[in-house]
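Reading through the structure tokens given below for one structure.
Protein chains: 2
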Amino acid sequence: MTAGGRGHAAILVGRSPGLATRLGHLAVRRVGGRIDEHRAPAPPKAAGSAPSAPEPPRAADGTMMLLRMNMRTALAVLCISVILLMLLWNRCGEFSHRPISSALSNALSEHGGEQIECLINGEYSVACRRERDQVYLPFSFIQKYFEVYGKMTNTDGVERFEWSHSYSKVYHPKRRYDPRGTFATFENYNVEVRERVKCISGVEGVPVSTQWEPRGFFYPTQIAQFGLAHYSKNVTEPEPRVRVIEDGERHSEGWIVSQDATLTRELDQELKARVLRFSTADHASSQVWLKVNISQDFVLSFDARLKPNSSVTAVLQNKDKKETVYLHYVASNQLIYAQDDHIYHGIGTELKWRRVTRDLIIDMQKGWALQDRPKRKSPRNKFKISSLILSGSGAVGGIRVSSSEHMAHFFAAANWLVRRQRARGGWPVAARRHVAPGASDLRPGWHSAMSQGHAISVLARAYSRSGKEAYLRAAQRALLLLDVPSRAGGVKATWMDRYVWYEEYPTTPPLFVLNGFIYTLLGLYDLHVIEGENSISLAKKMFDDGMASLKTLLPLFDTGSGSFYDLRHFTLGVSPNVARWDYHATHVNQLYLLAGLDPDPILLNTAKRWEGYMQGRRAAHN
Amino acid sequence: MTAGGRGHAAILVGRSPGLATRLGHLAVRRVGGRIDEHRAPAPPKAAGSAPSAPEPPRAADGTMMLLRMNMRTALAVLCISVILLMLLWNRCGEFSHRPISSALSNALSEHGGEQIECLINGEYSVACRRERDQVYLPFSFIQKYFEVYGKMTNTDGVERFEWSHSYSKVYHPKRRYDPRGTFATFENYNVEVRERVKCISGVEGVPVSTQWEPRGFFYPTQIAQFGLAHYSKNVTEPEPRVRVIEDGERHSEGWIVSQDATLTRELDQELKARVLRFSTADHASSQVWLKVNISQDFVLSFDARLKPNSSVTAVLQNKDKKETVYLHYVASNQLIYAQDDHIYHGIGTELKWRRVTRDLIIDMQKGWALQDRPKRKSPRNKFKISSLILSGSGAVGGIRVSSSEHMAHFFAAANWLVRRQRARGGWPVAARRHVAPGASDLRPGWHSAMSQGHAISVLARAYSRSGKEAYLRAAQRALLLLDVPSRAGGVKATWMDRYVWYEEYPTTPPLFVLNGFIYTLLGLYDLHVIEGENSISLAKKMFDDGMASLKTLLPLFDTGSGSFYDLRHFTLGVSPNVARWDYHATHVNQLYLLAGLDPDPILLNTAKRWEGYMQGRRAAHN
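Here's what the structure looks like:
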């Protein structure tokens, strides 16, 4: 660990091709100034003469004249050059274990510093630099030792090193939280791009998770987050651009029908709109297609009523590379299948009208991920939709391409929640979950308070938007499991037999995960407000009980320099589970939000202190 | 914050007298090797010729011959020297904001590095160094930001920088804790040297604290620690050197009796030993004195029965400076008084035999502190006892000087505890104590579980050593307050109505101070063992209850990178009170000790994890 700088320097000089030839010019410009500035001990006259030394002779230059000059001057210049050379070389501060006289040592380390061994806690060594009375430690060590972050930046040609204590960001709420508005900071979430989302189900329109089960399963927390993120984006983003391709009013004239295929327009009694009825023969060249040229916007939606294995295909083309990707939406029950540039999503086999809304870019990326092909960076800039293809037989209508269809995705989530809610009011998770050593595994069929809470937040918004009672009733039913202890299949823990806690992961012993608990509280708040703020509701009672627990136990999550993700150290007697910065930032965001709803100073004070931790501040020691 | 290195360098070169003249030798020796090692781009032949260049010409040297040499060679050497000069100068890496071509930039910063601005969390800047791809941060910043420690060391001429995460030390117990042996790690304690100890009372032989009350008061925790430290030192230190000056058997012939004074030896009926009876006239020159010359050992003890204002004086002389300090032990009730080199300790006015044991160096230092004179470093090496003086009238005997008298100090503490114990079994603290904002002040007369526990530890040892029942009974009586709630003048808190906690500071709301609680548990353990390990005792029951609390609540003191001093963040809802490293080390020492008494893995696991925190390790984050 104490390797000197010698080896490094040698390698580096070797690495700089053309360096010697380029130095002539620079050297002349710089040396004069430097010698003056540094008050080098060499006589000023001699030093001054160095820059005006003749152009260096080149061995290959035959025109070089044999100069006659005073030998004494030449030798003096030479000598001074050598002295300066030595001086500089030494100032560059090679590491030396030999003690040298103090004045000389000063001079040696004066500028470039010298390497010095740093012995870390008597355990290992790190190569540091010393310059005068200051020791400098390499960031690579500091970064690892303290887990901080840093990078070089360049602003207007000025290079700086930017040190960050954490990598996460706090969002200060601009207004009081409202259950009809954005959910927490979810307008910043993109659930579907996460790697643990296998794809968006063509049948259900909601994400399929691979987080604890590689085959994929419907994870209600993720589905609700998908819904809440799209709901929130719908609130914060400008109106989407919508381009109608084909609907009851307008239709494209450019549909090309191949020889064995048919295409007719007719009024559909169910949709009460004119639709395209198509039929193609059973070979690949028989199809109905429409050439389009759509950049920027990639959310395709359409109504479809297809016979089995019939499909609607969107063709994406890479604008530069002429790469072509086929996204097939097939009347099948297969979730997703991909081979090379053909990606298939099943949209169900039932012969009925269904509306399909797909983010083509997401679908393409998920198809690539399935084949372990690397994800593309910002593909939205590189691709365009080049055509739509109809195969098999069936009918389509209401075809449009938009910049976004957030409410469609949101209602897909809300409707999934209504459809899939069980008799106890829950959405059981089908995957087995090992949460912490020492805690029981969660067996398939477990419930999560966070799922329940998030679902309530989705359903409350869906009810508020649509006025449909089914959403409200589903939200209210979702409360039931919050009052059922974890051991009985519910999600309720009680801290010291006194404080209720809605468990994101209802293990035995309990874990008291903080962020999931607060999200559950938000669901309760949402429902209570949607029910009418003056109502005396179960949601209100559960919210109040939970807030009492939160305000009591919140300090136990404070590490003095961050926060704990849960209280497993208390319940399992193990090493604490510190929250990584993104979870810590979530805690802070949540507390700021709650501080707008409840004046108890512990919420705002804790939020502020915890935000400070992200800037490197710490609680005082005694 | 971005000041370049230029100014610094200029100043430093200016500071190096004689540098230029010394460089000639060094330069020649070093350059040959360096150029080779660094594979400088200059041709090897030319580089090799540089060291063998002729002695530099001096302007004043008239004997210098005009050399004739091939001009082309001279110029080539000159040129290469200049190139190397430039190269090196640049490698020393002045800070430049101007972007330069990458290969050149590499070469410039390759070795000496350049200054670069580090922007810390977007809040402020620190001047750092950059060398190649590595950024180096000044330790002065790291030290303040993370509160770590470091210093330059020099071992066998090798300078290193030693980085310490904490400044404290953990003592791994060598054997199972035994109530008859050392108390915890107290053999390392020196209670009386602490600044908050005003002096050792001449009447009581125990320390007087100024911690929360500048006039001084008897703080039972401190007195017990004084006793336990001396008891522990008596266990671990070798037998003391004892020099008898005057006792029943031996006596000094050198006592000098001035004209108006008398000195006789007689048998004292009470002491059953021959003592010195003396009387001096009421003027300063009338005295009885003995010249001695004792270095190294400074603990003076004697029996005395003095009339009011009579005194025994020990004279200390600084071996170098001939400074003389008079330590007067006076039959008065004044605690301590000092004027210049005369320091007075009252030893009480009652006309009865008392044994006085004084550490003269401590007494001297406390006298100086009283006059705000700076404390001397290692005065034990610089002073000697030069004489003893008797003034007034009375009798003295059993005079001796020892290297230590630990058991005398220990029993002084034990006897004070027996004498001063109140009816409820406690030792009320006379000082008002403000512990934490938000918690009630402790009003004079408060009790401390730590006082009770430490007192029990002293008394158990005193009983074990002496067999005197009074010590045992006092220890047992001390239990009573541990079962009285803080609100009722006792020291008991109960966490969540379930877990008992013996409070070092019995505030409302409670604080749950960790180290004081564990010390209390040790007192309970001591008493239980001394009573007989198979006894069914109150101490045993209280110990078991306390251990159950400790094992449950211990995780709440874990910060993931250190420990909390108390749980005020939970009980008061304030910022956590992180334990500074010496308290953290105390926690670790205590846990290792308890892990030897109780096999529950949480004790040993926590001790190990917490010890790791002192080396910079941290609990994992998720």
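Sequence order for the protein chains is A and B. Residues 1 to 622 (full-length UniProt numbering) make up the first sequence, in order. Residues 1 to 622 (full-length UniProt numbering) make up the second sequence, in order. Where a beta carbon is used, it is the ideal one built from N, C-alpha and C, also for glycine.
Looking at chain B, which residues of the segment 545–559 of chain A have a Cβ within less than 7 Å of any of its Cβ atoms? P555, L556, D558 and T559
Closest Cβ-Cβ distance between B:N515 and chain A: below 8 Å? Judged by the 8 Å Cβ criterion, B:N515 is not in contact with chain A.
Kindly list the residues whose CB is nearer than 8 Å to the CB of B:G546, restricted to its own chain and excluding five residues on each side of it in sequence; keep chain order. V500, W501, Y502, F517, T520, L521 and L524
I want to see whether chain B comes within less than 8 Å of A:S561, judged by CB atoms only; does it? yes
Note down, in chain order, all residues in the segment 160–192 of chain A with a beta-carbon under 9 Å from any beta-carbon belonging to chain B. R160, F161, E162, W163, S164, H165 and S166
Residue closest to A:K322, alpha-carbon to alpha-carbon, out of A:K377, A:V299, A:S386 and A:D282: A:S386
Who are the near neighbours of A:W353 in its chain, counting only those whose CB is closer than 7 Å to its CB and skipping five residues on each side? E270, L271, D303 and R305
Name the chain A residues that come within less than 8 Å of B:Q134, Cβ to Cβ? Those are P138, F139 and S140, listed as they occur along chain A.
Which of helix, strand or coil does DSSP assign to A:M152? A:M152: strand per DSSP, three-state reduction.
Nonlocal neighbours in the same chain, by C-beta distance under 7 Å from residue 680 of chain B, ignoring five residues either side: Outside the modelled stretch of chain B, which goes from 1 to 622, sits residue 680 of chain B, for which no answer is possible.
Do B:Y149 and B:Y136 come within 8 Å of each other at the CB atom, strictly closer than that value? no
Would A:F410 pass as an interface residue toward chain B - the criterion being a Cβ-Cβ separation below 8 Å? no
By Cβ distance below 6 Å, which residues in the same chain neighbour residue 686 of chain B in space, the five residues on each side in sequence not counted? Not covered by the structure: residue 686 of chain B. The range shown for chain B is 1 to 622.
First and last residue of the uninterrupted alpha helix (DSSP H) at A:W416: H406 to R420 is the extent of the alpha helix (DSSP H) around A:W416.
Have a look at residue 651 of chain A and A:Y463 and give me their C-alpha separation to the nearest angstrom. Past the boundaries of the shown model lies residue 651 of chain A; chain A is included only from 1 to 622, so the question cannot be answered.
Neighbouring residues, chain A, relative to B:S451 (Cβ below 7 Å): Within chain A, no C-beta atom comes nearer than 7 Å to that of B:S451; the closest sits roughly 19 Å away.
Give me the Cβ distance between B:R498 and A:M496, rounded to the nearest whole Å; I'm assuming they're in contact under 8 Å. The Cβ separation is near 7 Å, so the contact holds.
With B:T616 and B:H165 assumed to form a contact (beta carbons below 8 Å), what rounded beta-carbon distance in angstroms separates them? Note that residue 616 of chain B is Gly in the sequence shown here, rather than Thr. Going by Cβ atoms, the distance from B:G616 to B:H165 rounds to 4 Å, so yes, they are a contact pair.
May I ask which residues mark the beginning and end of the beta strand (DSSP E) holding B:L119? Element bounds for B:L119: E114 to I120.
Can you give me the start and stop residues for the alpha helix (DSSP H) that B:W581 sits inside? W581 to A595
Taking all protein chains shown into account, do 16 or more other C-beta atoms lie within 10 angstroms of the C-beta of A:L351, making it buried, or fewer, making it exposed? exposed
According to DSSP, B:S393 sits in a beta bridge with which residue or residues? DSSP, once it has assigned bridges, lists B:S279 as partnering B:S393.
Would you tell me roughly how many angstroms separate the C-alpha atoms of A:L390 and A:Q339, rounded to the nearest one? 19 Å
Would you say B:I536 and B:A460 are within 8 Å of each other, going by their C-beta atoms? No, Cβ-Cβ distance for B:I536 and B:A460 is not below 8 Å.
Closest Cα partner of A:E162 within the set B:I200, B:R194 and B:G122: The residue with the shortest Cα to Cα distance from A:E162 is B:G122.
Terminal residues of the alpha helix (DSSP H) in which A:W368 lies: L360 to L370
Below 8 Å on the Cβ atoms is my contact criterion, and I expect B:P308 with B:S332 to pass it. Report the Cβ-Cβ distance as a whole number of Å. 7 Å
Nearest to B:K382 (by Cα), restricted to the options B:Y344, B:V396, B:D582 and B:N318: B:N318
Runs of beta strand (DSSP E) lying entirely within the segment 165–247 of chain B, each at least 3 residues, in chain order: 197–200, 207–209 and 242–246
Option nearest A:V588 by Cα separation, candidates A:D282, A:T571 and A:W610: A:W610
A:L593 and A:P173 - do their beta-carbons sit closer together than 8 Å? yes
Can you confirm whether A:L593, when its beta carbon is compared against all beta carbons of chain B, has any partner nearer than 8 Å? Look at A:L593: its C-beta is not under 8 Å from any C-beta on chain B.
For chain B, is any of its Cβ atoms less than 8 Å away from the one on A:S49? Because the pLDDT of A:S49 is 33, which lies under 50, any placement of that residue in the model is unreliable, and the number read from its coordinates should be weighed accordingly. It does not; no Cβ of chain B falls within 8 Å.
Give me the chain A residues within the contact set of B:R616, using Cβ-Cβ distance strictly less than 7 Å, ordered along the chain. For clarity, residue 616 of chain B is Gly in the given sequence; the question names Arg instead. What B:G616 touches in chain A: N121 and Y145.
Can you name the residues of chain B whose CB is closer than 8 Å to the CB of A:V578? G560, R618, A619, A620, H621 and N622
Taking DSSP as the reference, what is the three-state secondary structure of A:W446? strand
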